[in-house]
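S.K.: Here it is, the structure in full.
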Amino acid sequence: MNEQLEIILRRIMHPETGENIVDSGFVERAEQGADGDIAVTLRFAKARDPFAAKIRSQVEAAMAEAFPEAKTMVIVKEAAPKPRRREQPTTTSDIGRIIAIASGKGGVGKSTVTANLAIALRNMGYNVGILDADIYGPSQPKMFGVEDYTPEAEKIDGNEYIVPAQVMGIELMSIGFFIRPTDALMWRGAMAVNALHQLIHQTRWGKLDYLLVDLPPGTGDIHLSIISEVKLSGAVIVSTPQQVAVADVVRGVEMFRHPQVNVPVLGVVENMSWFTPEELPDNRYYIFGRGGAAQYAAQAGIDLIGQIPIIQSIMEGSDNGRPAAGIDPRVEEHYALTAQRVVEKSENEC
Ligand code: ADP
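Following my numbering, the numbering of the sequence shown begins with 654 at its first residue and continues without gaps.
If you want it as structure tokens, here you go:
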């Protein structure tokens, strides 16, 4: 642990232990990189320490005061599970590549892109799964028409596993199978974090080449738990042309690029890039502006790996439980290109 950081962290008390967080044993790591950026990992004794959020803000504030120029990332990890019984091997360790699909804001088509990209990868012959971790709007069950699926538990060698839905050749597990849309948001968040933890470690995935993780928009606790509990091979950022340079997208990219996180950003997919009416197939109307993603991508040193126009069948496919890349050749063509780039980029990265 960096000594200077340790001195600062010793000033922060944990109300329950009555001691500072260093002596309480809650600081797992505190480092300052060559670029001045600070990374602190906290691991509390309880699975859901009620003071975790408050202490995280205190650490951020203390670092911002001591190092106004530096960026600070604080990761709060789950308490190490008590070895009640034989440790169950995590079920994501055999998956070829795990790719996070992220966006700055909701409504830009992140879930639609995830579903169609999964189909395009499947069309290339890969075994594909989706982990829908979007606790605020888990839409994958609807996109694949399996809202009524109730996951069953299966016992193998004394370990409990949760069985994903199998649909259109894709294995699908969603937080939406466990929380009801009517659950109050606050309650939903708390339950979802715990449920997601289980889904990550206990889903009985078959042999997968690619697992796509549909993240909630923005940056938050779910992102941190996915980043710290799953070995991500890369992240894909989805945005509409006019939303791409907004602060939320930039923050998302910075999160993945942070030295302690270090997940390669494979590229930006620009969604709703233009609209072409059926009767004028050569015309493109740039409803949300033109070239937004290309410009941002060049600036940020990220590849633009796909541009998906507004197509009615994409929306209809999502509503009818059949992603359009599986049925409309026009849509498939766009997603095939994007999937190809995801494969190439992720193969180069790891
Ligand atoms: P997010 O996951 O970012 O919140 P969704 O994937 O739910 O966004 O998409 C929001 C809405 O936009 C959905 O109704 C979806 O069907 C529609 N949509 C997304 N992409 C397109 C597209 N390229 N063409 C037409 N409709 C789209």
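Beta carbons are placed, not taken as given, at the ideal position from N, Cα and C, and that holds for glycine. Quick caveat, the model's predicted, so the values are computed rather than measured.
At 4 residues or longer, and completely inside the segment 952 to 998: list those alpha helix (DSSP H) runs for me, N to C.
M.R.: Here the runs fully enclosed are 965 to 973.
S.K.: Cβ-heavy atom distance between T765 and the ligand ADP below 7 Å?
M.R.: Yes, since a heavy atom of the ligand ADP falls inside the 7 Å radius drawn around the Cβ of T765.
S.K.: Please go through the same chain and pick out, in chain order, the residues whose beta-carbon is closer than 6 Å to the beta-carbon of V712, but skip the five residues on each side of it.
M.R.: The answer, listed in chain order, is V693, V727.
S.K.: Spell out the partners DSSP gives L695 in its beta bridges.
M.R.: L695 pairs with V680, V729.
S.K.: Taking the straight line between their C-alpha atoms, what separation do you get for L861 and D747?
M.R.: Their backbone Cα atoms lie some 8 Å apart in a straight line.
S.K.: How many angstroms separate the CA atom of A845 from the CA atom of F831?
M.R.: Straight-line Cα distance between these residues: approximately 8 Å.
S.K.: Determine the DSSP secondary structure at V846, reduced to helix, strand or coil.
M.R.: Residue state, collapsed to three classes: helix.
S.K.: DSSP puts G782 in a beta bridge; with which residues?
M.R.: Partner(s): E824, L864.
S.K.: According to DSSP, is N924 helix, strand or coil?
M.R.: Note: N924 maps to strand in three-state DSSP.
S.K.: Starting from V889 and walking both ways along the alpha helix (DSSP H), at which residues does that stretch end?
M.R.: Note, V889: premise wrong, no alpha helix (DSSP H); beta strand (DSSP E) at 887 to 892.
S.K.: Does any heavy atom of the ligand ADP sit closer than 7 Å to the C-beta of P962?
M.R.: Yes, Cβ of P962 sits closer than 7 Å to a heavy atom of the ligand ADP.
S.K.: Going by DSSP in three states, R904 sits in which element: helix, strand or coil?
M.R.: Note: R904 maps to helix in three-state DSSP.
S.K.: What three-state label does DSSP hand L933 in the structure shown?
M.R.: Note: L933 maps to coil in three-state DSSP.
S.K.: Using a 10 Å radius around the Cβ and a threshold of 16 neighbouring Cβ atoms, would you call S710 buried or exposed?
M.R.: That one is exposed.
S.K.: Is the segment 773 to 785 touching the segment 910 to 917 in the sense that three or more CB pairs, one from each, lie closer than 8 Å?
M.R.: The segment 910 to 917 is not in contact with the segment 773 to 785.
S.K.: Measuring from the CB of P870, is there a heavy atom of the ligand ADP at a distance below 7 Å?
M.R.: True, at least one ligand heavy atom lies under 7 Å from that Cβ.
S.K.: How many whole angstroms separate the CB atoms of G959 and E923, which I take to be in contact at a CB cut-off of 8 Å?
M.R.: 7 Å between Cβ atoms; contact.
S.K.: Among L864, R937, N673, which residue has its Cα nearest to the Cα of A786?
M.R.: Here the closest residue by C-alpha is L864.
S.K.: Can you tell me the Cβ-Cβ gap for G945 and K998, rounded? I've got them flagged as a contact below 8 Å.
M.R.: Actually they do not touch by this definition, with Cβ atoms about 21 Å apart.
S.K.: Classify Q621 as buried or exposed, calling it buried when 16 or more other Cβ atoms lie within 10 Å of its own Cβ.
M.R.: The structure shown does not extend to residue 621, since the chain is modelled only from 654 through 1003, so no value can be given for it.
S.K.: Quick check on the DSSP output: the beta strand (DSSP E) that includes A755 runs from which residue to which?
M.R.: Here the beta strand (DSSP E) through A755 covers 750 to 756.
S.K.: How many Å lie between M666 and A715 at the Cα?
M.R.: Computed Cα separation, rounded: 12 Å.
S.K.: Under the criterion of a Cβ to heavy atom distance below 7 Å, does I967 qualify as lining the ligand ADP?
M.R.: Checking the Cβ of I967 against the ligand ADP gives yes.
S.K.: Does the Cβ-Cβ distance between K752 and A953 come in under 8 Å?
M.R.: In the sequence as presented, Lys is not what sits at residue 752; that position holds Ile. Result no, Cβ atoms of I752 and A953 do not sit closer than 8 Å.
S.K.: Only counting the same chain, and skipping five residues up and downstream in sequence, which positions put a Cβ closer than 7 Å to that of M821?
M.R.: Excluding sequence neighbours, M821 sits near I772, F797, G979.
S.K.: With hydrogens ignored, establish whether the beta-carbon of V899 is closer than 7 Å to any heavy atom of the ligand ADP.
M.R.: Checking the Cβ of V899 against the ligand ADP gives no.
S.K.: The ligand ADP and V889: does the residue's C-beta get closer than 7 Å to at least one heavy atom of that ligand?
M.R.: Not so, every heavy atom of the ligand ADP lies at least 7 Å from the Cβ.
S.K.: When every heavy atom of the ligand ADP is checked, does at least one fall within less than 7 Å of the C-beta of S756?
M.R.: Yes, Cβ of S756 sits closer than 7 Å to a heavy atom of the ligand ADP.
S.K.: Helix, strand or coil for Y949, going by three-state DSSP, please let me know.
M.R.: Of the three classes helix, strand and coil, the one that applies to Y949 here is helix, per DSSP.
S.K.: Can we count N812 as close to the ligand ADP, meaning its CB is less than 7 Å from some heavy atom?
M.R.: No - the ligand ADP has no heavy atom lying nearer than 7 Å to the Cβ of N812.
S.K.: How far does the alpha helix (DSSP H) with K808 in it reach, from first residue to last?
M.R.: Premise fails: K808 lies in the beta strand (DSSP E), 806 to 809, not in any alpha helix (DSSP H).
S.K.: Would E824 and G871 qualify as a contact pair, given that the criterion is a beta-carbon distance under 8 Å?
M.R.: Contact: no.
S.K.: What's the gap between the Cα of V899 and the Cα of G905?
M.R.: Distance between the alpha carbons of V899 and G905: 10 Å.
S.K.: If you measure between the beta carbons of T893 and F928, is that distance less than 8 Å?
M.R.: Cβ distance not < 8 Å, so T893 and F928 don't count as in contact.
S.K.: Would D785 pass as an interface residue toward chain D - the criterion being a Cβ-Cβ separation below 8 Å?
M.R.: Absent here is chain D; the protein component of the structure consists of one chain.
S.K.: Using the beta-carbon count (16 or more within 10 Å), is G678 buried or exposed?
M.R.: When all chains shown are included, G678 counts as exposed.
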